[in-house]
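Trainee: Counting in the working numbering, the sequence shown runs from 912 upward without gaps. Even for Gly, the Cβ is constructed at its ideal location relative to N, Cα and C.
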Amino acid sequence: MKKNESSVEYISTPHNVEQRGGERCSNKKVLYVDMDNVLVNFQSGIDALNEDLKSRYAGCYDEVPNIFAKMQPNEGAIDAMNRLKDKYDIYILSTAPWDNPSAWSDKLEWVKRYLGEVCYKRLILSHHKNLNAGDYLIDDRKKNGAADFKGELILFGSERFPNWESVVRYLM
912 MKKNESSVEY
922 ISTPHNVEQR
932 GGERCSNKKV
942 LYVDMDNVLV
952 NFQSGIDALN
962 EDLKSRYAGC
972 YDEVPNIFAK
982 MQPNEGAIDA
992 MNRLKDKYDI
1002 YILSTAPWDN
1012 PSAWSDKLEW
1022 VKRYLGEVCY
1032 KRLILSHHKN
1042 LNAGDYLIDD
1052 RKKNGAADFK
1062 GELILFGSER
1072 FPNWESVVRY
1082 LM
């Protein structure tokens, strides 16, 4: 190789991303989306519990084994993800309860069931959302690093973004 020649390879991926010397390059902005009370209707999981489990886990429903497998999508969430996928490099960025091991696998199964190829291998579970670099984070709370996210935090359920329709309108 000559002195000024580059050994950098360009690699195409299914999501319109290239690698250049180990750096990520994309013509799409990165969008992270939380699961609980954003993509997922958490209350639907509580409603699916029997009375014994509701009583035993009152106030800490996220610790119920397999509760995340019982949850339904929030209204408009799946349609919104399908509309946003062509414009954004989308990842699911969620937190799973530390002491509920089934929550980790249940969240993966939920993404596979409801989003399939839209979010194939794009699930990130972290208690430190601020460590992820991106342009937008859609979350319903400022916890787990969301308040310190370096991009723009879109606070789902707020007066400005009460539902998926308002979020899609803003991002498109």
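Measure the alpha-carbon distance for N938 versus Y999 and round it to whole angstroms.
Mentor: What you label residue 938 is simply residue 27 of the sequence shown in a count that begins at 1. What you label residue 999 is simply residue 88 of the sequence shown in a count that begins at 1. Straight-line Cα distance between these residues: approximately 9 Å.
Trainee: Looking at the structure shown, is S1077 part of a helix, part of a strand, or coil, going by DSSP?
Mentor: Counting from 1 along the sequence shown, the entry for residue 1077 is found at position 166. S1077: helix per DSSP, three-state reduction.
Trainee: Does DSSP put L1084 in a helix, in a strand, or in coil?
Mentor: With the chain represented from 912 up to 1083, any question about residue 1084 goes unanswered, as that position is not in the structure.
Trainee: In chain order, what residues of the same chain lie with their CB nearer than 6 Å to the CB of N1041, ignoring the 5 residues before and after it?
Mentor: Start at 1 with the first residue of the sequence shown, and residue 1041 comes out as number 130. Result list for N1041: G1056, D1059 and F1060, in chain order.
Trainee: Who are Q983's beta bridge partners in DSSP?
Mentor: On the sequence shown, position 72 is the one that residue 983 refers to. BP columns for Q983 point to N952.
Trainee: What residue range is occupied by the uninterrupted alpha helix (DSSP H) comprising E962?
Mentor: Position 51 of the sequence shown, counted from the first residue, corresponds to residue 962. Residues E962 to R967.
Trainee: Following the continuous alpha helix (DSSP H) through I989, name the residue where it begins and the one where it ends.
Mentor: Taking the first residue of the sequence shown as position 1, residue 989 is located at position 78. Run containing I989: A988 to L995, per the alpha helix (DSSP H) assignment.
Trainee: Using the C-alpha atoms, what's the distance from F1072 back to V1078?
Mentor: For the purposes of this step, residue 1078 is taken as residue 167 along the sequence shown, with counting starting at 1. For the purposes of this step, residue 1072 is taken as residue 161 along the sequence shown, with counting starting at 1. One C-alpha to the other measures close to 6 Å.
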